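Below is one structure, written out as structure tokens; the observations come after it.
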Amino acid sequence: MKLGKIAMGFSEPDMTPMIDIVFQLLTFFMIAINFENTKADERVKLPKDVLAKPPAVKPEHELVLNFGYQRDESGVRVNSIPEVFYNERYIEVRQISPDLDQERRVMERIHGTEVIKDVTVLIRADSEVPTGLVQELIKKCQEAGFSKFSLRAMAEEL
Amino acid sequence: MKLRNRTTGPSKVEIPMAPLIDIVFLLLIFFMLNLKIVSPEGNFNINMPIGAPTAAAAEQNLPDIKVSLRSDREGRLTEMTLGSKNLGNDDAAFERLNQEILTIIGRPGNPLTKEVEVEIDADYETQYKYVVKAISKCTGRFDPGSKQIARYVEKIKFSPPHKPKA
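Chains as they are written, first to last, in this note's numbering: chain F, 169 to 326; chain L, 26 to 191.
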């Protein structure tokens, strides 16, 4: 039996099945990835609810406010007063007004002065914060001119 | 100009696979690293017009639904009431709230549900999760069988905030 040809030739592996699989994986990850939640702050433990379904129509302008406790790695509260996580800073509710005013000015400069009526403030508050402080935060936002509010909750599967 | 190669007839064109695979792998790794498995989030809209108290609801003689949440100093729920009716403070209380709201609106999708407004009156210390749960129970019901949501009341507002317990 002659094995000359096989031993000499440079054999190329068949790439087709591998590329098929790789494309499948690529498609899976592309679909599974969720860029929507890039603003979500993992430090906030949102309340869970079955009725919390992503909205069909996304508001055109939104301002996300993350409101929760500073926690260490094991989840124990470092600070007993909840704070707003805003641009890598921690701000107590009673001191948030200057930042809200600045937020408003930036939005008005970009989208015009009427935009403030269309801005939805998304409040992502920790499930354990006192409601009074959430209401105070809403009040501060109203004082800054914001009028639409939404409370965020995490979807819960039954 | 001689087109010597063409004269030999159509030959198989080799697509260079290596660069394609390089790019595809890069994309694959990018998406894999960026993948965060988090449950999706949803919104509850609340109705908080600036300044003017809602006169509209009062004019139309609609039943005024007020859900009160009382709590202890640590924020745990001690009592939930609908109007003057005490519902309790456990999980069953929220189910009762859900039932009561259904009784008030009659049936889901009733045109009334667009007009009626529920007012949430919570103590300062009440943990936020109870408020969200109460709002959820007023806005609808999830039917696990059909996976459908029956919508109840659409408008939710907050009472003016209470002072913290001294």
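Beta carbons are placed, not taken as given, at the ideal position from N, Cα and C, and that holds for glycine. Fair warning: this is a prediction, and the values are worked out from it, not measured in the lab.
Buried versus exposed, by CB contacts within 10 Å (16 or more), D188(F): Translated into the one-based positions of the first sequence, residue 188(F) becomes position 20. Exposed, by the Cβ-count rule.
Where the region 248-270 of chain F meets chain L: residues whose CB sits under 8 Å from a CB there: none
CB contact check: K151(L) to chain F, cutoff 7 Å: By one-based count along the second sequence, residue 151(L) stands at place 126. Lys is not the amino acid found at residue 151(L); the sequence shown has Thr there. So yes, T151(L) belongs to the interface.
Residue environment, T103(L), which counts as buried when at least 16 other CB atoms sit within 10 Å: As a working note, residue 103(L) is residue 78 in the second sequence. Exposed, by the Cβ-count rule.
Residue-level contact to chain F via CB, M105(L), 7 Å cutoff: Mapped onto the second sequence, residue 105(L) falls at position 80. Closer than 7 Å: no.
Unbroken stretches of the beta strand (DSSP E), 3 residues or longer, contained in the region 212-238 of chain F: 229-236
Top-ranked residue by Cα proximity to Q263(F), from E251(F), K316(F), V218(F), V274(F): Within the first sequence, residue 263(F) is the residue found at index 95, counting from 1. Checking every option, the nearest Cα to that of Q263(F) belongs to E251(F).
Buried or exposed by the 16-neighbour rule on C-beta atoms within 10 Å, applied to F317(F): Working through the first sequence from its first residue, we reach residue 317(F) at position 149. Buried: at least 16 other Cβ atoms inside 10 Å.
Best match in F69(L), D146(L), R98(L), I90(L) for proximity to P227(F) [C-alpha to C-alpha]: To locate residue 227(F), count along the first sequence from 1; it is residue 59. Among F69(L), D146(L), R98(L), I90(L), the Cα nearest to that of P227(F) is on F69(L).
Close-in-space but distant-in-sequence residues of the same chain around H229(F) (CB under 8 Å, 5 per side omitted): Against the first sequence, residue 229(F) aligns to sequence position 61. The answer, listed in chain order, is M275, H279, V283, D286, V287, T288.
Buried versus exposed, by CB contacts within 10 Å (16 or more), G108(L): Position 83 of the second sequence holds residue 108(L). When all chains shown are included, G108(L) counts as exposed.
N-terminal and C-terminal residue of the alpha helix (DSSP H) that Q303(F) is part of: The residue labelled residue 303(F) in the question sits at position 135 within the first sequence. Where Q303(F) is concerned, the enclosing alpha helix (DSSP H) stretches over 299-311.
7 Å Cβ cut-off: residues of chain F touching F69(L): Here residue 69(L) refers to the residue found at position 44 when the second sequence is read from its first residue. What F69(L) touches in chain F: S318, L319, A321.
Whether I181(L) touches I71(L) by CB criterion (7 Å): For the purposes of this step, residue 181(L) is identified with residue 156 of the second sequence, where counting begins at 1. For the purposes of this step, residue 71(L) is identified with residue 46 of the second sequence, where counting begins at 1. Yes, the pair counts as a contact, with Cβ atoms nearer than the cut-off.
Neighbour flag for D97(L) against chain F, beta carbons, 7 Å: Here the question's residue 97(L) lines up with position 72 in the second sequence. Chain F, which has no Cβ nearer than 7 Å to the Cβ of D97(L), makes this no.
Below-7 Å beta-carbon distance, E275(F) vs any chain L residue: Within the first sequence, numbered from 1, the residue matching residue 275(F) stands at position 107. Just to set this straight, residue 275(F) is Met in the shown sequence, not Glu. Cβ-Cβ to chain L under 7 Å: no for M275(F).
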